[in-house]
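Numbering (our numbering), first residue to last: 3 to 275. Backbone N, C-alpha and C define an ideal beta-carbon position, used for all residues, glycine too. Quick notes on the structure that follows.
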């Protein structure tokens, strides 16, 4: 998942996305922006890979919002070998995605959104590109309940020379329950192409204005690993209207991932978090 806050909540973020992460989590949430926001993330991924992310979200009046995001996954240089196993040099690779998103509120409670994305991948001097999109809805019942529906990564195939793969089409339903201003509970269920269903859960407790404690669980993190690999945890610190988030997400035998992200807020107004 993108972002320290979403990762710490087990990836159950579709119903909570009304911030700079909305372009990738739920573009309908852009309609609820009260302030301009920007986010940046660095992730120490498995096998010494790095994952970088930046996004920007801006409100257009009281019912509209736009956003953009870019993500970049890059491993270390990899040794190249021939059929006999002998080293022949080294090569680099990367995966990237670029997103433009828009959200509009049709009523005080219902918002719809859409995103267009370009996905590209490169291994040494060979590259592939695909085009996709997301459509999403967000329904709010006051401040305490929100329901989200997202269809993500619907688009063309990613083709490398003579090999091609469909994008990872994913369908998600999310629920946010916030019985108190200092407590958020999130649940999300989904289905990913390749016949894989998943469930995600998260809780966020804000005992102080400047401090948020988070924990979560995601069933898709346990495939091939122990059940404990689905656990997540994190903390958020807020100062002068800016937020720093950290998340810990284990990956079984592959090690642990450490998320570091910041969300910058500009201008007057308020957010619906």
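Quiz item: Where residue 47 and residue 259 are concerned, what is the direct C-alpha to C-alpha distance, given to the nearest angstrom?
Solution: For the purposes of this step, residue 47 is taken as residue 45 along the chain shown, with counting starting at 1. For the purposes of this step, residue 259 is taken as residue 257 along the chain shown, with counting starting at 1. Roughly 5 Å separates the two Cα atoms.
Quiz item: Which parts of the region 56 to 144 are runs of the beta strand (DSSP E), unbroken and 3 residues or longer, counting only runs that do not cross its ends?
Solution: 66 to 76, 80 to 83, 89 to 93, 95 to 107, 112 to 125, 128 to 143
Quiz item: Which residues bound the beta strand (DSSP E) around residue 281?
Solution: In the structure as shown, the chain begins at 3 and stops at 275. Residue 281 is therefore absent and cannot be evaluated.
Quiz item: For residue 174, which option in 187, 64, 199 has the closest C-alpha, if you only look at C-alpha atoms?
Solution: As a position in the chain shown, residue 174 is number 172, starting the count at 1. Here the closest residue by C-alpha is 199.
Exercise. Classify residue 89 as buried or exposed, calling it buried when 16 or more other Cβ atoms lie within 10 Å of its own Cβ.
Key: Residue 89 sits at position 87 when you count from the first residue of the chain shown. By the neighbour-count rule (16 or more Cβ atoms within 10 Å), residue 89 is not buried but exposed.
Self-check item: Alpha-carbon to alpha-carbon, residue 16 and residue 65
Solution: Within the chain shown, numbered from 1, the residue matching residue 65 stands at position 63. Within the chain shown, numbered from 1, the residue matching residue 16 stands at position 14. Whole-angstrom Cα-Cα distance: 19 Å.
Quiz prompt | Nearest-angstrom beta carbon gap, residue 10 and residue 257 [assumed within contact, 8 Å] | solution = Taking the chain shown and counting its residues from 1, the one referred to as residue 257 is at position 255. Taking the chain shown and counting its residues from 1, the one referred to as residue 10 is at position 8. Actually they are not in contact, since the Cβ atoms of residue 257 and residue 10 sit about 18 Å apart, beyond 8 Å.
Quiz item: CA-CA distance, residue 212 and residue 266?
Solution: Here residue 212 corresponds to residue number 210 of the chain shown, with the count starting at 1. Here residue 266 corresponds to residue number 264 of the chain shown, with the count starting at 1. Roughly 14 Å separates the two Cα atoms.
Practice problem: Within its chain, find whatever has a CB closer than 6 Å to the CB of residue 73; leave out the 5 residues flanking it on each side and keep chain order. | Solution: One-based indexing of the chain shown puts residue 73 at position 71. Same-chain partners within the cutoff: 55, 99.
Quiz prompt | Where the beta strand (DSSP E) through residue 19 begins and ends | solution = The count along the chain shown starts at 1 and reaches residue 19 at position 17. Unbroken run through residue 19: none, as it is neither H nor E.
Exercise. Quick one: grab the DSSP three-state call for residue 3.
Key: On the chain shown, position 1 is the one that residue 3 refers to. In this structure, residue 3 counts as coil in the three-state DSSP scheme.
Quiz item: Quick one: Cα of residue 202 to Cα of residue 84, how far?
Solution: Here residue 202 corresponds to residue number 200 of the chain shown, with the count starting at 1. Here residue 84 corresponds to residue number 82 of the chain shown, with the count starting at 1. For residue 202 and residue 84, the distance between alpha carbons rounds to 42 Å.
Quiz prompt | Alpha carbon of residue 220 to alpha carbon of residue 8, nearest angstrom | solution = Start at 1 with the first residue of the chain shown, and residue 220 comes out as number 218. Start at 1 with the first residue of the chain shown, and residue 8 comes out as number 6. Cα to Cα, residue 220 sits roughly 11 Å from residue 8.
Quiz item: Between residue 28 and residue 115, which are expected to be in contact by the criterion C-beta below 8 Å, what is the C-beta distance as a whole number of angstroms?
Solution: Taking the first residue of the chain shown as position 1, residue 28 is located at position 26. Taking the first residue of the chain shown as position 1, residue 115 is located at position 113. About 7 Å separates the two Cβ atoms, so the contact holds.
Quiz item: Which residue comes first and which comes last in the beta strand (DSSP E) that contains residue 200?
Solution: Start at 1 with the first residue of the chain shown, and residue 200 comes out as number 198. Here the beta strand (DSSP E) through residue 200 covers 198 to 210.
Quiz item: So, residue 208 versus residue 217, is the Cβ gap smaller than 7 Å?
Solution: Indexing the chain shown from 1 puts residue 208 at position 206. Indexing the chain shown from 1 puts residue 217 at position 215. No, the pair does not count as a contact, with Cβ atoms beyond the cut-off.
Practice problem: Would you verify that the beta carbon of residue 222 is, or is not, closer than 7 Å to some beta carbon of chain B? | Solution: The structure shown has no chain B; it contains just one protein chain.
Quiz item: Beta-carbon separation of residue 71 and residue 25 under 7 Å?
Solution: The residue given as residue 71 occupies position 69 in the chain shown. The residue given as residue 25 occupies position 23 in the chain shown. Yes; because the gap between Cβ atoms is below 7 Å, this pair is in contact.
Practice problem: Per DSSP, which residues does residue 233 bridge with? Please list them. | Solution: Indexing the chain shown from 1 puts residue 233 at position 231. 219, per the DSSP bridge assignment.
Self-check item: Burial state of residue 169 (16 or more Cβ within 10 Å)
Solution: Locating residue 169 in the chain shown gives position 167, where the first residue counts as 1. By the neighbour-count rule (16 or more Cβ atoms within 10 Å), residue 169 is buried.
Quiz item: Which first and last residues belong to the beta strand (DSSP E) in which residue 2 is found?
Solution: The question about residue 2 has no answer, for the chain in this structure spans 3 to 275.
Self-check item: Backbone secondary structure at residue 9 - three-state DSSP
Solution: Taking the chain shown and counting its residues from 1, one reaches residue 9 at position 7. Note: residue 9 maps to helix in three-state DSSP.
Quiz item: Are there 16 or more other CB atoms within 10 angstroms of the CB of residue 145, so buried, or fewer, so exposed?
Solution: Numbered from its first residue, the chain shown carries residue 145 at position 143. Exposed, since its Cβ has fewer than 16 Cβ neighbours within 10 Å.
Practice problem: Name the one or two DSSP bridge partners that residue 43 has. | Solution: Taking the chain shown and counting its residues from 1, one reaches residue 43 at position 41. Paired residues: 55, 263.
Quiz item: Would you call residue 129 buried or exposed, if buried means 16 or more other Cβ atoms sit within 10 Å of its Cβ?
Solution: As a working mapping, residue 129 is identified with position 127 in the chain shown. Exposed, since its Cβ has fewer than 16 Cβ neighbours within 10 Å.
Exercise. Tell me residue 163's beta-bridge partners as DSSP assigns them.
Key: Residue mapping note: residue 163 aligns to position 161 of the chain shown, counting from 1. According to DSSP, which records beta bridges pairwise, residue 163 is partnered with nothing at all.
Practice problem: Closer than 7 Å by C-beta to residue 181: which residues in its own chain qualify, once you throw out the five before and the five after it? Chain order, please. | Solution: To locate residue 181, count along the chain shown from 1; it is residue 179. Result list for residue 181: 146, in chain order.
Practice problem: On a CA-only basis, which of 37, 5, 51 is nearest residue 96? Give me that one, please. | Solution: Here residue 96 corresponds to residue number 94 of the chain shown, with the count starting at 1. Checking every option, the nearest Cα to that of residue 96 belongs to 51.
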